[in-house]
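Here is the structure we will look at, set down as structure tokens.
Numbering (this note's numbering), first residue to last: 9 to 372.
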């Protein structure tokens, strides 16, 4: 259970208590089922059946070995686990700082001046089931600052250390090498809406993306790594990140090939866009074509906006304005890559998978 609930990576949580009763009975401790023990805490009137897991030995490094004690007990829960849903992000961080020293085997219920009905309706379980777990999972899977020194096997070691290689290999995962505050800020002023419930960072972050080698998802897991500056796309709840949106083949196609025409000189446009779209980070991409059209119109080539050519290739029905960027001899060392540009209007041939473009083949 400690492993399943994410409390054994990157280090072993020393002690934790599981309550074996209904959510409603736990919530009732906030009302008739509990009694005040000071100005903000409540103790249950009746005993709960609980299991307390305590770490054996003094080392907090995985693998984690616990001893358990199951008993009925008049229990308490930590303030940070029970009341985060009633506060703003700023208030939550303050509460967490104030309660980090409380023993984790205590079950603490908040009664901080709220009306009883309001408190019960909001329900402790909202934060237990969504916010707290999702934010901690996000940090475990995607936060590594400063970047850990793992030698030449960063991805293999980090994916294993963070619990993403068992029972199967996670196919792709990205670690962000920047402060928590800067990542959290993407949920606010440092991010812009992206799609239905996502936010895209205004600034680039230094990240490492680990992609699995081969097609088998069974351990042992072997990864290849790519470290580069990149805009990140995340989902947020209560102003905190809870999900990292990994770049798909379709997303990569759009990043590299679909863009509005800014009206700049073609050479200036190419040098700007090749850098902005992440094609000059590790090495200078020799050539790249930007399609100037609506994203939906480009996607439609794989359906009613295109004609099947061969294999999984489709030719567009209509011509698009294109900018072709080619590397010149004047600058070939990243990030100082120098390009020349050429503008034309042509049909295009692209590769499609599951009805979406994933690869630019050529202009026609």
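Beta carbons are placed, not taken as given, at the ideal position from N, Cα and C, and that holds for glycine.
Fill in: Paired residues, beta bridge with residue 77 - DSSP
60
Worksheet item: Looking at residue 279 and residue 322, is the spacing between their C-beta atoms short of 8 Å?
Response: Taking the C-beta atoms as reference points, residue 279 is found no nearer than 8 Å to residue 322.
Discussion item. In this structure, how does DSSP classify residue 163 when only helix, strand and coil are distinguished?
Written reply: helix
Fill in: Inter-residue Cα distance where the pair is residue 364 and residue 324
13 Å
Discussion item. At the level of alpha carbons, what is the spacing between residue 148 and residue 349?
Written reply: 43 Å
Worksheet item: Just how far apart, CA to CA, sit residue 316 and residue 356?
Response: 12 Å
Worksheet item: Under three-state DSSP, which class holds residue 283?
Response: helix
Worksheet entry | Candidates 329, 10 and 232: closest to residue 270 by CA position | Here the closest residue by C-alpha is 329.
Discussion item. Let me confirm a value: residue 28 is counted as buried when at least 16 other C-beta atoms fall within 10 Å, else exposed. Which label applies?
Written reply: Taking all protein chains in view, the Cβ of residue 28 is surrounded by fewer than 16 other Cβ atoms within 10 Å, so the residue is classified as exposed.
Worksheet entry | As assigned by DSSP and simplified to three states, the class of residue 300 | DSSP, reduced to helix, strand and coil, places residue 300 within a strand of the structure shown.
Worksheet item: Nearest-angstrom Cα distance between residue 179 and residue 253?
Response: 13 Å
Fill in: Limits of the unbroken beta strand (DSSP E) element including residue 370
364-371
Discussion item. Any contact between the stretch 296-316 and the stretch 235-250? By contact I mean 3 or more CB pairs, one from each, below 8 Å.
Written reply: no
Discussion item. According to DSSP, is residue 245 part of a helix, a strand, or is it coil?
Written reply: strand
Worksheet entry | residue 274 versus residue 298 - alpha carbon distance | 11 Å
Worksheet item: If we ignore side chains and look at the alpha-carbon of each, how far apart do residue 54 and residue 173 end up?
Response: Rounded to whole angstroms, the separation of the alpha carbons of residue 173 and residue 54 is 42 Å.
Fill in: Cβ-based neighbour list, residue 215, same chain, cut-off 6 Å, excluding 5 preceding and 5 following
182, 184 and 238
Discussion item. I'd like the list of long-range same chain contacts for residue 301, defined as Cβ closer than 6 Å, with 5 residues on each side in sequence excluded.
Written reply: Counting only Cβ-Cβ distances below 6 Å, and skipping sequence neighbours, we find 328.
Practice prompt. Could you tell me whether the Cβ atoms of residue 262 and residue 305 are closer together than 8 Å?
Written response: Judged by beta-carbon spacing, residue 305 lies beyond the 8 Å limit of residue 262, meaning their Cβ atoms are not closer than that value.
Worksheet item: In chain order, which alpha helix (DSSP H) runs of at least 4 residues are fully inside the stretch 171-239?
Response: 188-193
Worksheet item: What's the call for residue 102, buried or exposed, on a 16-neighbour Cβ count within 10 Å?
Response: For residue 102, the predicted model reports a pLDDT of 49, less than 50, meaning its position is unreliable and no value from the coordinates is stated.
Worksheet item: What residue does the alpha helix (DSSP H) around residue 264 start on, and which one ends it?
Response: 257-265
Practice prompt. Could you say which of 63, 40 and 31 lies nearest to residue 15 if we only look at CA atoms?
Written response: 63
Worksheet item: According to the Cβ coordinates, are residue 383 and residue 158 closer than 8 Å?
Response: Nothing about residue 383 can be reported from this structure: the residues present for the chain run from 9 to 372 only.
Fill in: Limits of the beta strand (DSSP E) - the one that residue 320 falls within
Run containing residue 320: none; DSSP gives neither H nor E here.
Worksheet item: What did DSSP end up calling residue 355 once you bin it into helix, strand or coil?
Response: coil
Discussion item. Give me the residue from 161, 52 and 192 with the minimum Cα distance to residue 243.
Written reply: 192
Worksheet item: Per DSSP, what kind of secondary structure is residue 28 in: helix, strand or coil?
Response: coil
Fill in: Three-state secondary structure assigned by DSSP to residue 13
coil
Worksheet item: If you run the structure through DSSP and keep just helix, strand and coil, what is residue 145?
Response: In this structure, residue 145 counts as helix in the three-state DSSP scheme.
Discussion item. Measuring only the C-alpha atoms, how far is residue 296 from residue 22?
Written reply: 52 Å
Worksheet item: Do you know offhand how far residue 74's Cα is from residue 250's?
Response: Straight-line spacing of the CA atoms in residue 74 and residue 250 works out to 28 Å.
Worksheet entry | Bridge partners - residue 338, DSSP secondary structure assignment | In DSSP, residue 338 forms no bridge with anything.
Practice prompt. Please work out which residues of its chain come closer than 6 Å, Cβ to Cβ, to residue 164, disregarding the five sequence neighbours upstream and downstream, and give them in chain order.
Written response: 231
Discussion item. Helix, strand or coil, according to DSSP, for residue 306 in the structure here?
Written reply: helix
Discussion item. Between which residues of its own chain and residue 369 is the CB-CB distance below 7 Å, once the five residues before and five after are set aside?
Written reply: 321, 357, 358 and 359
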